[in-house]
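Structure record follows, encoded as structure tokens.
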Amino acid sequence: MRRLLGVLAIALVIGFGLLTLIGLLTGRDSGIVYDATMFFLQITAITLGVAVLIGLLNLYNVHIRRVVTRGRGLGYSIVLLVAASLVLILWLTGQDASNRALLETVQVALESALGGLVFFALVYGAYRLMRRGVTVSGIVFTIVLLIVLLGALPGQRGDTMITSVRAWLLSVPVSAGERGLLLGIALATVVTGVRVLAGQDRNLRD
Amino acid sequence: MDTTTRTLTIVILVVAFVALAVLTQFARRRRAAYPLRMIAAYEAIPLLIGESIESARPFHVSFGSAGIGGLRTALALASAEMVVQTARRAAISPTAPLITGSDASFLPLAGGALLRGYAARGRADRVSPTSLRWIPALNGSSGSLAFAAALTGMIGVERVSGSILVGTYGAEIALVLDAATRGGRAVVAGSDNLVGQAVAYGMATTPLIGEEMFVAGAYLGDDAGTLAGAVATDTLRWLLVGGMIAAISFVIASRLAGG
Numbered sequence: 012m013r014r015l016l017g018v019l020a021i022a023l024v025i026g027f028g029l030l031t032l033i034g035l036l037t038g039r040d041s042g043i044v045y046d047a048t049m050f051f052l053q054i055t056a057i058t059l060g061v062a063v064l065i066g067l068l069n070l071y072n073v074h075i076r077r078v079v080t081r082g083r084g085l086g087y088s089i090v091l092l093v094a095a096s097l098v099l100i101l102w103l104t105g106q107d108a109s110n111r112a113l114l115e116t117v118q119v120a121l122e123s124a125l126g127g128l129v130f131f132a133l134v135y136g137a138y139r140l141m142r143r144g145v146t147v148s149g150i151v152f153t154i155v156l157l158i159v160l161l162g163a164l165p166g167q168r169g170d171t172m173i174t175s176v177r178a179w180l181l182s183v184p185v186s187a188g189e190r191g192l193l194l195g196i197a198l199a200t201v202v203t204g205v206r207v208l209a210g211q212d213r214n215l216r217d
Numbered sequence: 009m010d011t012t013t014r015t016l017t018i019v020i021l022v023v024a025f026v027a028l029a030v031l032t033q034f035a036r037r038r039r040a041a042y043p044l045r046m047i048a049a050y051e052a053i054p055l056l057i058g059e060s061i062e063s064a065r066p067f068h069v070s071f072g073s074a075g076i077g078g079l080r081t082a083l084a085l086a087s088a089e090m091v092v093q094t095a096r097r098a099a100i101s102p103t104a105p106l107i108t109g110s111d112a113s114f115l116p117l118a119g120g121a122l123l124r125g126y127a128a129r130g131r132a133d134r135v136s137p138t139s140l141r142w143i144p145a146l147n148g149s150s151g152s153l154a155f156a157a158a159l160t161g162m163i164g165v166e167r168v169s170g171s172i173l174v175g176t177y178g179a180e181i182a183l184v185l186d187a188a189t190r191g192g193r194a195v196v197a198g199s200d201n202l203v204g205q206a207v208a209y210g211m212a213t214t215p216l217i218g219e220e221m222f223v224a225g226a227y228l229g230d231d232a233g234t235l236a237g238a239v240a241t242d243t244l245r246w247l248l249v250g251g252m253i254a255a256i257s258f259v260i261a262s263r264l265a266g267g
């Protein structure tokens, strides 16, 4: 029975996947196939909406358990449960303005503060890179980082050597590396997609 | 979509499909015929899991803001494969791994992957639903500071022994890496976002770079399909390099011929 369900899942994925691919490739020219593709995409969006509900249940499950068992981080869990419940109650009672105010005054402010911390974490990370071990790639990384940072300092008049080197670094090696990385990720994404369409993905087979 | 893009897309898909179909058959018969290049992160992951088992502390795998149903579906599938492989190795541990993500759609995917990993060792009954942690966050184009801050706290509270971060992260990954390194925890990290990738390269104990995030199954598992996937990616890369060299040579030759 389990095997049969597995085969059915693979058949569904391959069928719907190929139809969606054809619909997206051919566009409106394919008529009914394109309409079917749009319908599948709408179903996907609805399914993803349900995933948020599953996420909410997961959130409550994890933190209520921690409160009940008085586990480590009990205080954080209580704050989280109170905050999540408050936002839910505000949403259910239709008080969108209060919800937005909470978001703007609490979350946005906290994220801005964290943004400042990221800077210090990055500086400390760069310092520690050389402490971990002096390697050729580490030296190159640090030198490039310093040149890019120095070249971006305000108050430099005209083209100095640092700004020229920075501009060259950004337009040639950085750009080349960036494209290489993105092409690598794109190729791996294509192969992963094709594996799903061919029914080879482990999530379907097992 | 214009005709050229459409034709190129079809050609790439067909080439990938043919390469995958042929290589899977060969990989099934002669796995040893495809030696994989050494990737430091995949050498480090078994040690990280071993340390977790010995210290009876959980290790942590994170999807970042990758999830299914969007542009990062393939990356989410790659993260799920990482969960399968690591869970398979950690199934004998008294503590279950922690799997986190900020896109709620990762939950069913990660749950299935965790179950498959444990089931492979006959321990499916030991999977706990609290191993999965959805950390809701406002995801920007790369990631979320709130998510990174929550991970930073969780690493300390749960006494995590080490982390594997495979997904979408921006510069905020620095917060997680900084907290982990201060606590002497090993971190393997990679991101499909360039800023996150640069930070991971500089700050992670062992970085995963670009497409290396997609080959966990080939390096940590023994499945012919995932091995064929890794070899197909390499084959496509060589074809791309060949195509680029041919195109550049053609342009240079036409310029020279034209005077």
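Top to bottom, those sequences are chains B and E. Counting from 12, one number per residue, gives the positions in the first sequence under this note's numbering. Counting from 9, one number per residue, gives the positions in the second sequence under this note's numbering. Just so you know, even glycine gets a beta-carbon here, dropped at the ideal spot from N, CA and C. Note that the coordinates shown come from a computational prediction; the quantities given were computed from them, not determined experimentally.
Where do the ends of the beta strand (DSSP E) carrying residue i lie?
{"i": "Thr-108 (chain E)", "result": "106-109"}
{"i": "Phe-51 (chain B)", "result": "That residue, Phe-51 (chain B), is in no beta strand (DSSP E); its alpha helix (DSSP H) goes 43-79."}
{"i": "Gly-229 (chain E)", "result": "No beta strand (DSSP E) contains Gly-229 (chain E), which DSSP labels as neither H nor E."}
{"i": "Leu-183 (chain E)", "result": "Taken as a continuous stretch (DSSP letters only), Leu-183 (chain E) belongs to no beta strand (DSSP E), being part of the alpha helix (DSSP H) at 181-190."}
{"i": "Ala-271 (chain E)", "result": "Residue 271 (chain E) cannot be examined here, being either before or after the span of chain E that is shown, 9 to 267."}
{"i": "Val-119 (chain B)", "result": "Val-119 (chain B) -> not in any beta strand (DSSP E); alpha helix (DSSP H) instead, spanning 119-143."}
{"i": "Phe-71 (chain E)", "result": "68-72"}
{"i": "Ser-171 (chain E)", "result": "170-176"}
Buried or exposed: residue i, going by 16 or more other Cβ atoms within 10 Å of its Cβ?
{"i": "Glu-220 (chain E)", "result": "buried"}
{"i": "Met-46 (chain E)", "result": "exposed"}
{"i": "Ile-76 (chain E)", "result": "buried"}
{"i": "Glu-180 (chain E)", "result": "buried"}
{"i": "Met-252 (chain E)", "result": "exposed"}
{"i": "Arg-77 (chain B)", "result": "buried"}
{"i": "Ile-256 (chain E)", "result": "exposed"}
{"i": "Thr-104 (chain B)", "result": "exposed"}
{"i": "Ile-163 (chain E)", "result": "buried"}
{"i": "Gly-86 (chain B)", "result": "exposed"}
{"i": "Met-90 (chain E)", "result": "buried"}
{"i": "Val-69 (chain E)", "result": "buried"}
Just reading off the alpha helix (DSSP H) that residue i is part of, what are its end residues?
{"i": "Val-30 (chain E)", "result": "11-37"}
{"i": "Arg-263 (chain E)", "result": "232-265"}
{"i": "Thr-138 (chain E)", "result": "Element bounds for Thr-138 (chain E): n/a, residue is neither H nor E."}
{"i": "Gly-204 (chain B)", "result": "186-208"}
{"i": "Ser-96 (chain B)", "result": "85-103"}
{"i": "Thr-146 (chain B)", "result": "Looking at the DSSP string, Thr-146 (chain B) is not in any alpha helix (DSSP H), and its letter there is neither H nor E."}
{"i": "Pro-54 (chain E)", "result": "48-63"}
{"i": "Met-2 (chain E)", "result": "Residue 2 (chain E) lies beyond the residue range present for chain E, which begins at 9 and ends at 267; the question has no answer from this structure."}
{"i": "Gly-119 (chain E)", "result": "114-127"}
{"i": "Ala-22 (chain B)", "result": "13-37"}
{"i": "Asp-133 (chain E)", "result": "No alpha helix (DSSP H) holds Asp-133 (chain E); DSSP gives it neither H nor E."}
{"i": "Thr-81 (chain E)", "result": "81-98"}
{"i": "Ser-175 (chain B)", "result": "172-180"}
Do residue j and residue i come within 8 Å of each other at the CB atom, strictly closer than that value?
{"i": "Leu-83 (chain E)", "j": "Ala-95 (chain E)", "result": "no"}
{"i": "Val-223 (chain E)", "j": "Ile-53 (chain E)", "result": "no"}
{"i": "Val-203 (chain E)", "j": "Gly-178 (chain E)", "result": "yes"}
{"i": "Phe-67 (chain E)", "j": "Leu-56 (chain E)", "result": "yes"}
{"i": "Ala-88 (chain E)", "j": "Val-135 (chain E)", "result": "no"}
{"i": "Ala-206 (chain E)", "j": "Val-184 (chain E)", "result": "no"}
{"i": "Gly-162 (chain B)", "j": "Val-176 (chain B)", "result": "yes"}
{"i": "Val-273 (chain E)", "j": "Arg-124 (chain E)", "result": "Since the first and last residues shown for chain E are 9 and 267, residue 273 (chain E) lies out of range."}
{"i": "Thr-17 (chain E)", "j": "Leu-36 (chain B)", "result": "yes"}
{"i": "Leu-140 (chain E)", "j": "Ala-118 (chain E)", "result": "yes"}
{"i": "Ala-182 (chain E)", "j": "Gly-198 (chain E)", "result": "no"}
{"i": "Phe-25 (chain E)", "j": "Ala-209 (chain B)", "result": "yes"}
{"i": "Arg-168 (chain B)", "j": "Gly-233 (chain E)", "result": "no"}
{"i": "Ala-137 (chain B)", "j": "Gly-210 (chain E)", "result": "yes"}
{"i": "Leu-121 (chain B)", "j": "Asn-110 (chain B)", "result": "no"}
{"i": "Ile-143 (chain E)", "j": "Ser-113 (chain E)", "result": "no"}
{"i": "Gly-218 (chain E)", "j": "Gly-195 (chain B)", "result": "yes"}
{"i": "Thr-153 (chain B)", "j": "Met-141 (chain B)", "result": "yes"}
{"i": "Thr-160 (chain E)", "j": "Ala-49 (chain E)", "result": "no"}
List the whole-angstrom C-beta distance separating residue i from residue j, where the pair is believed to meet the contact cut-off of C-beta under 8 Å.
{"i": "Ala-64 (chain E)", "j": "Pro-102 (chain E)", "result": "5 Å"}
{"i": "Ala-236 (chain E)", "j": "Leu-31 (chain E)", "result": "4 Å"}
{"i": "Leu-198 (chain B)", "j": "Thr-241 (chain E)", "result": "5 Å"}
{"i": "Val-202 (chain B)", "j": "Ile-20 (chain E)", "result": "Val-202 (chain B) to Ile-20 (chain E), Cβ: 10 Å. No contact."}
{"i": "Val-155 (chain B)", "j": "Leu-180 (chain B)", "result": "6 Å"}
{"i": "Ala-178 (chain B)", "j": "Leu-115 (chain E)", "result": "With 8 Å as the limit, Ala-178 (chain B) and Leu-115 (chain E) do not qualify as a contact, their Cβ atoms being about 45 Å apart."}
{"i": "Ala-226 (chain E)", "j": "Ala-212 (chain E)", "result": "Contact doesn't hold; Cβ gap of about 21 Å is too wide."}
{"i": "Ala-99 (chain E)", "j": "Tyr-126 (chain E)", "result": "5 Å"}
{"i": "Ala-27 (chain E)", "j": "Leu-244 (chain E)", "result": "7 Å"}
{"i": "Arg-80 (chain E)", "j": "Asp-200 (chain E)", "result": "7 Å"}
At least 3 beta-carbon pairs within less than 8 Å: the stretch 151-161 of chain E vs the stretch 60-80 of chain B | Judged by Cβ distances under 8 Å, the stretch 151-161 of chain E makes no contact with the stretch 60-80 of chain B, as fewer than three pairs qualify.
For the stretch 154-173 of chain E and the stretch 188-205 of chain E, state whether three or more C-beta atom pairs, one from each stretch, are separated by less than 8 Å.
-> Judged by Cβ distances under 8 Å, the stretch 154-173 of chain E makes contact with the stretch 188-205 of chain E, as three or more pairs qualify.
Inter-stretch contact (C-beta, 8 Å, three-pair minimum) for the stretch 128-142 of chain B and the stretch 89-99 of chain B | The stretch 128-142 of chain B, when compared against the stretch 89-99 of chain B, does not touch it at the 8 Å Cβ threshold.
Given 8 Å, three or more beta-carbon pairs between the stretch 40-53 of chain B and the stretch 15-31 of chain B = Pairwise C-beta distances place the stretch 40-53 of chain B in contact with the stretch 15-31 of chain B, as three or more of them are shorter than 8 Å.
Taking contact to mean at least 3 C-beta pairs separated by less than 8 Å, is the stretch 143-152 of chain B in contact with the stretch 118-127 of chain B?
-> Of all C-beta pairs linking the stretch 143-152 of chain B to the stretch 118-127 of chain B, fewer than three are shorter than 8 Å, placing the two stretches out of contact.
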